[in-house]
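Numbering (the numbering used here), first residue to last: 1 to 497.
In what follows, a structure is listed as C-alpha cells, so that the remarks can point back to it.
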Amino acid sequence: MKKIFLFSAVVLSALIFSACSKEYLETRPSNAVTEQEINSKISAIYAAIDGQNKELFAFSTNGSGRHDEYGQKTVDLQSDLMGNDMVIHTQGYGWYNSVYQYIEWGRKTSGRTCDNTWFFYFDLIKQSNKILAVIDGVVDATNDDKENVKGQVLGIRAYAYYNLVNLWQQTYKGGENKPGVPLYVTDVTEGKGRGTVQDVYNQIIADLGAAETLLDGKPRASKNNMNVDVVRGFRARVALIQEDWSTAAAKAHLAALDYPLMDASSYIAINAFSSIDNPEWMWGSYIDDVNATIYASFFSHMDVNAGGYAALGSQKKITAELYDLIPASDVRKQCWTAPGTGSDPNVDYNQVKHQLPDPASWAGDYLYMRASEMYLIEAEALARQGLDAQARSVLESMLVTSGRNPNYSASSFSGQDLINEILTQRRIELWGEGFSLIDIKRLGQGLNRATGAGNHGAPNYNPAVYTTSPLEPRFLMRIPQRELDANSSMTANDQNP
Numbered sequence: 001m002k003k004i005f006l007f008s009a010v011v012l013s014a015l016i017f018s019a020c021s022k023e024y025l026e027t028r029p030s031n032a033v034t035e036q037e038i039n040s041k042i043s044a045i046y047a048a049i050d051g052q053n054k055e056l057f058a059f060s061t062n063g064s065g066r067h068d069e070y071g072q073k074t075v076d077l078q079s080d081l082m083g084n085d086m087v088i089h090t091q092g093y094g095w096y097n098s099v100y101q102y103i104e105w106g107r108k109t110s111g112r113t114c115d116n117t118w119f120f121y122f123d124l125i126k127q128s129n130k131i132l133a134v135i136d137g138v139v140d141a142t143n144d145d146k147e148n149v150k151g152q153v154l155g156i157r158a159y160a161y162y163n164l165v166n167l168w169q170q171t172y173k174g175g176e177n178k179p180g181v182p183l184y185v186t187d188v189t190e191g192k193g194r195g196t197v198q199d200v201y202n203q204i205i206a207d208l209g210a211a212e213t214l215l216d217g218k219p220r221a222s223k224n225n226m227n228v229d230v231v232r233g234f235r236a237r238v239a240l241i242q243e244d245w246s247t248a249a250a251k252a253h254l255a256a257l258d259y260p261l262m263d264a265s266s267y268i269a270i271n272a273f274s275s276i277d278n279p280e281w282m283w284g285s286y287i288d289d290v291n292a293t294i295y296a297s298f299f300s301h302m303d304v305n306a307g308g309y310a311a312l313g314s315q316k317k318i319t320a321e322l323y324d325l326i327p328a329s330d331v332r333k334q335c336w337t338a339p340g341t342g343s344d345p346n347v348d349y350n351q352v353k354h355q356l357p358d359p360a361s362w363a364g365d366y367l368y369m370r371a372s373e374m375y376l377i378e379a380e381a382l383a384r385q386g387l388d389a390q391a392r393s394v395l396e397s398m399l400v401t402s403g404r405n406p407n408y409s410a411s412s413f414s415g416q417d418l419i420n421e422i423l424t425q426r427r428i429e430l431w432g433e434g435f436s437l438i439d440i441k442r443l444g445q446g447l448n449r450a451t452g453a454g455n456h457g458a459p460n461y462n463p464a465v466y467t468t469s470p471l472e473p474r475f476l477m478r479i480p481q482r483e484l485d486a487n488s489s490m491t492a493n494d495q496n497p
C-alpha cells in the first residue's frame with residue numbers, strides 16, 4: 001500500500017541550526033530528537049516544541065534550496081503579492097515574480113511553492129501528532145507540563161490547518177462542502193482523502209477550544225511560543241472567516257488585552273516590525289545572527305538596506321491608490337517613501353515598514369500576530385452586527401488613543417460605510433503582514449489591481465493579471481504531484497482546477 005509522502009520521516013525534527021551565521025544554506029531542520037528520547041524526558045518534548053517553533057522561519061525545510069523558502073513569512077509575502085496593494089518595482093532577480101503574475105501556484109512539481117508549502121504545514125502537523133501521542137506517558141512530566149505541551153501543539157496544529165485550508169480552497173462561506181485537505185489527528189502513515197472544508201474547520205475549532213482551556217493561566221517561555229492569547233487571536237481569525245461575528249469580536253478583545261498598542265514614535269522606529277520585544281507583538285520568532293537565513297529571508301526580499309534582493313530591483317512598494325488614502329496626519333504614512341523623495345534603491349512608494357534593526361546584521365525577528373489586528377477584527381465584527389458606536393470606539397482607540405492619527409474620527413461612518421472604512425484601515429495597518437489574499441477571498445471581491453501612475457504596471461514590473469472573478473481558480477495552490485503519486489486515497493480528480 002502506498003504511504004503518504006508527507007509522513008515519510010521516522011524521527012521528530014528538533015530543528016537544530018548551524019552555528020555559523022553566514023552558512024545559511026545549512027539553516028534547515030536536522031533530525032536531532034528521536035522518538036525514544038521524547039518518550040522519556042519532558043526536556044526532549046520541549047526541545048521538540050522548540051523545533052516546531054524554529055521551523056516557522058527555517059530555510060529549505062523541504063530541501064529545495066530556493067531563496068523563497070523560509071517558512072511562514074514566505075507564505076505571508078506571497079499572499080500580499082497576490083493582492084491589490086503591493087507592487088514589485090522591476091524584474092530584479094526574479095524571486096516572487098511568478099507569484100505576482102499568478103503563475104507559481106499552478107506548478108505542482110517537486111521543489112516549487114505548492115510542494116514546499118504543503119510539506120511545511122503537514123510537517124508541523126506530523127510533529128504535533130507525534131508529541132500528542134506520547135506526552136501522557138512522559139514519566140518526568142507534571143500535569144502542568146502535559147497541559148502546556150498539549151495546548152501549544154494543538155495550537156500549532158490548528159494554525160497549520162487554518163493555512164492549508166485557506167491556501168488549497170476558496171473561503172469558508174459557501175464553500176463548506178468543497179474539498180478541503182487531508183485531516184490527520186493521530187500519528188499515522190497511511191494517506192487520507194481531502195474531506196471537506198467543514199471537516200477541517202471543525203477540527204481547527206476543536207483544537208483551538210482545547211488549547212485555550214489547557215493554556216489558560218499558563219506562562220510561556222517566550223513570545224516564540226503560543227499562549228492563550230495567541231490561541232484566542234487565531235480563534236478570532238477563524239470566526240472572522242466564518243462570519244461568526246460575536247465570537248470574532250469577543251475572542252479578539254480578550255486576545256489583545258495585555259498588548260499595548262504602539263504609539264506614533266514607536267510605530268516608525270526601525271525595529272517596530274522586526275523585534276519581538278515590541279510590546280504590541282503577540283507572537284513571533286526571535287531570530288539572532290546565528291539563526292538568520294541571510295539572502296533566503298523575509299528581510300532580504302523586503303528591506304533595501306539589508307543587502308539582499310530588495311535592493312536589486314525587486315523593491316516592494318505600496319500602490320499610490322492606497323497611499324493616497326492615508327492622511328498626512330497619520331504617522332503610518334511614513335512607512336513608505338513619499339513620492340518625489342525617493343532615490344535608488346529607496347525609490348518612491350518603497351516600503352520602509354519592515355526593516356532590519358541593524359543593517360550590518362541579518363538578525364531580525366518575524367512577526368505573526370500583533371494587537372492591532374485584534375482591534376480591527378473586533379471593530380469589523382461589531383460593525384457587522386450593527387453595533388456601530390462600539391465599532392467606532394474600537395477603531396478610534398487603535399488610531400487616536402494610540403496617537404497614530406490624532407486627527408482621525410470615525411463619527412461620520414455608519415452601516416456599510418463603516419464596514420468599508422474598517423476594511424480600508426485594515427489594508428493600511430496590516431500591509432505587508434500577509435492578509436491580502438485571504439481577505440480578498442473571504443470578502444468575495446476578486447482581484448482588482450489599481451493601474452496608472454504609482455500603481456501596478458509600467459513603469460513598474462508587469463503583474464500580467466489585474467482583475468479576476470471572486471472564485472478565481474488561481475487563488476488556490478495545487479496539490480503536489482508527489483502527494484498524488486504517493487497517497488492511494490487521492491487521484492488526479494482530487495486536484496484543484
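All C-beta atoms, glycine included, are put in the ideal place defined by N, C-alpha and C.
Asked: Cβ shell of residue 357 (< 8 Å), same chain only, five flanking positions each side left out; Found: 270, 271, 274, 275, 363 and 364
Asked: First and last residue of the uninterrupted alpha helix (DSSP H) at residue 423; Found: 415-429
Asked: Residue 467 - DSSP class collapsed to helix/strand/coil; Found: strand
Asked: Residue 139 burial status per 10 Å Cβ neighbour count (16 or more: buried); Found: exposed
Asked: Closest Cα partner of residue 340 within the set 350, 332 and 331; Found: 350
Asked: Residue 205, DSSP secondary structure in three states; Found: helix
Asked: Boundaries of the alpha helix (DSSP H) in which residue 398 is found, first to last residue; Found: Note, residue 398: premise wrong, no alpha helix (DSSP H); not H, not E.
Asked: Contact check, residue 171 vs residue 442, beta carbons under 8 Å; Found: yes
Asked: Contact set for residue 224: own chain, Cβ-Cβ below 7 Å, skip 5 residues either direction; Found: 53, 285 and 286
Asked: Inside the segment 305-353 only - alpha helix (DSSP H) runs reaching at least 4 residues; Found: 320-323
Asked: Buried or exposed (CB count within 10 angstroms, at least 16 for buried), residue 534; Found: Lying outside 1 to 497, the shown extent of the chain, residue 534 is not represented and no answer is given.
Asked: Given residue 392 as reference, the closest of 404, 403 and 408 once Cα atoms are compared; Found: 408
Asked: Sequence-distant residues of its chain with Cβ nearer than 7 Å to residue 375 (five each side left out); Found: 256, 394, 397 and 398
Asked: Reduced DSSP secondary structure (H/G/I, E/B, other) of residue 492; Found: helix
Asked: At least three beta-carbon pairs within less than 8 Å, the segment 312-326 to the segment 455-474; Found: yes
Asked: Closer than 8 Å to chain C by CB, residue 90; Found: As a matter of chain content, chain C is missing from the structure shown, which is built from one protein chain.
Asked: Same chain, Cβ closer than 6 Å to residue 71, five either side skipped, listed in chain order; Found: 56, 57 and 58
Asked: Contained alpha helix (DSSP H) runs [length at least 4] in the segment 27-96, N- to C-terminal order; Found: 35-40, 42-55 and 72-81
Asked: Cβ contact (3+ pairs, closer than 8 Å) linking the segment 408-428 and the segment 323-334; Found: yes
Asked: Residue 158 and residue 204 closer than 8 Å at C-beta; Found: yes
Asked: Pairwise C-alpha distance: residue 466 and residue 179; Found: 27 Å
Asked: Contacting residues, own chain, Cβ-Cβ under 8 Å from residue 492 (five flanking each side not counted); Found: 484
Asked: In DSSP terms, what residue 370 is bridged to; Found: 281
Asked: Contacts around residue 23, its chain only, beta-carbon distance under 6 Å, and the 5 residues preceding and following it disregarded; Found: Confidence in residue 23 is poor, its pLDDT being 36 and thus under 50, which makes the residue's placement unreliable; the coordinate value appears in the next sentence. Answer for residue 23: no residue qualifies.
Asked: Reduced DSSP secondary structure (H/G/I, E/B, other) of residue 109; Found: coil
Asked: Neighbour-count burial assignment, residue 389, 16 or more Cβ in a 10 Å radius; Found: exposed
Asked: Among 338, 46, 218 and 359, nearest to residue 305 - alpha-carbon criterion; Found: 359
Asked: Buried versus exposed, by CB contacts within 10 Å (16 or more), residue 176; Found: exposed
Asked: Limits of the unbroken alpha helix (DSSP H) element including residue 150; Found: 143-167
Asked: Inter-residue spacing [alpha-carbon to alpha-carbon] between residue 345 and residue 112; Found: 29 Å
Asked: Beta carbon of residue 450 nearer than 8 Å to that of residue 84; Found: yes
Asked: Spatial distance of residue 500 from residue 48 (CA atoms); Found: Any question about residue 500 goes unanswered here, given that the chain covers just 1 to 497.
Asked: Same chain, Cβ closer than 7 Å to residue 288, five either side skipped, listed in chain order; Found: 363
Asked: C-alpha distance - residue 186 paired with residue 109, whole-angstrom precision; Found: 28 Å
Asked: Opposing strand residues paired with residue 179 [DSSP bridges]; Found: 196
Asked: Delimiting residues of the alpha helix (DSSP H) encompassing residue 247; Found: 245-256
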